[in-house]
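Residue numbers for the sequence shown follow this note's numbering, so the first one is 68 and each next one is one higher.
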Amino acid sequence: MSYPKKNVQAKTKPVIGTGSQKLDQAKRERLLAIQQREQLKGMLVSKFIEKYGKKTGSYTNDIIREVETFMRGEKLTEENLRKLERKIKDGKAGQKTPAQSEHQPDNLSQA
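Spelled out as structure tokens, the structure:
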């Protein structure tokens, strides 16, 4: 007895538009999130430079570096933004935090 052949192509043929639209939408949302984050970073840098920027270019670079580090590692909350502003205001931008200095050996602790 012979069975009729099944149409394999009909089952595996993708529906045009559904998968690629989801991918495009997810990619678009991810790119928009990155764009918004970059805009926020730019606004923070310009605000802090305008408010606390000293005439030396090195402190401006420290502010930029501090904001970039913040945007990479910290959650965006009001409290964390206040901490960042306090750090920049106190002139501690570019200095190592206690968490960063834990990873590097301290010669004084061995004495």
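Even for Gly, the Cβ is constructed at its ideal location relative to N, Cα and C.
Can you give the beta carbon distance from residue i to residue j, rounded, assuming they're within the 8 Å contact cut?
| i | j | result |
| --- | --- | --- |
| Met138 | Arg104 | 6 Å |
Excluding five sequence neighbours on each side, which residues of the same chain lie with their C-beta closer than 6 Å to the C-beta of residue i?
| i | result |
| --- | --- |
| Ile131 | Val112 |
| Asn147 | Glu141 |
Taking a contact to mean a Cβ-Cβ separation below 8 Å, would you say residue i touches residue j in this structure?
| i | j | result |
| --- | --- | --- |
| Lys150 | Tyr119 | no |
| Lys108 | Val134 | yes |
Got a sec? Which residues, its chain only, sit under 8 Å from residue i by beta carbon, not counting five neighbours each side?
| i | result |
| --- | --- |
| Lys94 | none |
Among the residues of its own chain, which have a CB less than 7 Å from the CB of residue i, if the five just before and after it don't count?
| i | result |
| --- | --- |
| Ile116 | Thr127, Ile130 |
Query raised in the report: Counting only runs that start and end within the segment 115-166, where is the alpha helix (DSSP H) found for 4 or more residues in a row?
Result: 124-140, 145-156
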